[in-house]
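The opening position of the sequence shown corresponds to residue 1 in our numbering, with each subsequent residue numbered one higher. Virtual Cβ for every residue (Gly too), placed ideally from N, Cα, C.
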Amino acid sequence: MGKPKEKVIINGKRLDGRLPNQLREVEMKVGVISRANGSAMVSFGNTRVIAAVHGPRALFPKHLQEVETSILRCRYSMAPFSVDERKYPGPDRRSIELSKVMRLALEPAIFLEEFPRATVDVYVYVLQADGSTRVTGLNAASLALADAGVPMRDLVVACSVGKIDGTLVLDLSGKEDNNSEADVAFAMLPSKKKITLLQMDGLLTEDELKELLKMAREACKNIYELQKKALREKYIR
Ligand code: ADP
1 MGKPKEKVII NGKRLDGRLP NQLREVEMKV GVISRANGSA MVSFGNTRVI AAVHGPRALF
61 PKHLQEVETS ILRCRYSMAP FSVDERKYPG PDRRSIELSK VMRLALEPAI FLEEFPRATV
121 DVYVYVLQAD GSTRVTGLNA ASLALADAGV PMRDLVVACS VGKIDGTLVL DLSGKEDNNS
181 EADVAFAMLP SKKKITLLQM DGLLTEDELK ELLKMAREAC KNIYELQKKA LREKYIR
């Protein structure tokens, strides 16, 4: 058994005063790393992530090349200073898993077949972790890919939803995640209405899951608008 859960909704309010279906303050900036082909910084409250893209470029060693398509490589890492106690800087099981699920969530958005034998490399660095880092990372990665000019079917838009103290909520903070009955990571291509990431931890009824997916879709509409605004802002700077 894990640690006993702390209360994270008190008198109907979340610890940071948010309503159940309210996002934290969102900040997005495109083109933050001049040496990468594309980059973006995204914050959801205290969770802050930078994504940078290299490519499409020729893939070496050659035996890794695919004749009919490029490949997407994705690396998720947490900075040692991103969490309360120093995080070991190398890859661990969690970052290997998150790198894979992020790649799978991004792949359907990209016209990889346009660049045979090439690679597109996406690096996601969590600078500060306070819950929902994989979805924040996906929003940043999709902006960085667009900034790099990688041809895409659509942006990937992501958010987390879950159940805390019996209440269905949007955008879990770290403390909420640690004390949740369930949490769900969700990503989609809005214009295609295609879900590209759906992971769930914990227990939910079928109706609760349906309600959470509705909440996530609605939130993604707003996040999508913020992403497009961030992309436009780069070009009027
Ligand atoms: P996500 O960040 O996508 O929600 P998890 O559910 O695995 O992924 O993690 C939830 C939260 O737990 C993270 O956002 C972070 O705040 C915290 N966390 C994850 N790994 C560590 C770690 N090694 N040390 C301290 N906190 C961590």
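Proximity to residue i [Cα-Cα], best of the options
i, options, result
"LEU231", "ARG134, GLU208, ALA148", "ALA148"
"CYS220", "HIS63, GLN22, LYS13", "GLN22"
"LYS194", "ALA105, HIS54, ARG73, PHE81", "ALA105"
"ASP189", "ARG217, VAL169, VAL83", "Here the sequence assigns Leu to residue 189, which means Asp is not the residue at that position. Measuring from the Cα of LEU189, the nearest candidate turns out to be ARG217."
"SER226", "MET28, LEU19, ASP207", "Residue identity check: residue 226 is Leu in the sequence provided, not Ser. It is MET28."
"VAL42", "ALA144, PRO91, VAL53", "ALA144"
"PRO20", "LEU213, ASP171, GLU181", "ASP171"
"LEU198", "VAL26, LEU98, LEU15, ARG24", "LEU98"
"ASN46", "GLN128, MET215, LYS13, LEU64", "GLN128"
Exposure of residue i, with buried meaning 16 or more beta-carbon neighbours within 10 Å
i, result
"VAL8", "buried"
"ASP121", "buried"
"PHE44", "buried"
"VAL67", "exposed"
"TYR88", "exposed"
"TYR224", "buried"
"ASN222", "exposed"
"ALA58", "exposed"
"TYR235", "exposed"
"ASN11", "exposed"
"SER82", "buried"
DSSP-derived helix/strand/coil call for residue i
i, result
"SER99", "helix"
"LEU209", "helix"
"TYR88", "coil"
"ILE33", "coil"
"GLU225", "helix"
"LEU23", "coil"
"LYS62", "helix"
"ARG232", "helix"
"ALA79", "coil"
"LEU203", "coil"
"LYS5", "coil"
"ARG73", "strand"
"ARG217", "helix"
"LEU197", "strand"
"ARG14", "strand"
Proximity of residue i and residue j at Cβ, strictly below 7 Å
i, j, result
"ALA187", "MET152", "no"
"CYS74", "ARG35", "no"
"PHE111", "PRO56", "no"
"ALA79", "ALA140", "no"
"SER95", "VAL135", "no"
Inset, instruction - Would you mind listing the beta strand (DSSP E) stretches within the stretch 108-152 that are 3+ residues and don't spill past its ends, in chain order? - result: Listed in chain order, they are 118-128.
Inset, instruction - Tell me the start and end of each unbroken alpha helix (DSSP H) in the stretch 163-192 that is at least 4 residues and wholly inside, in chain order. - result: As for any alpha helix (DSSP H) of minimum length 4 sitting wholly inside the stretch 163-192, the runs are 174-178, ordered along the chain.
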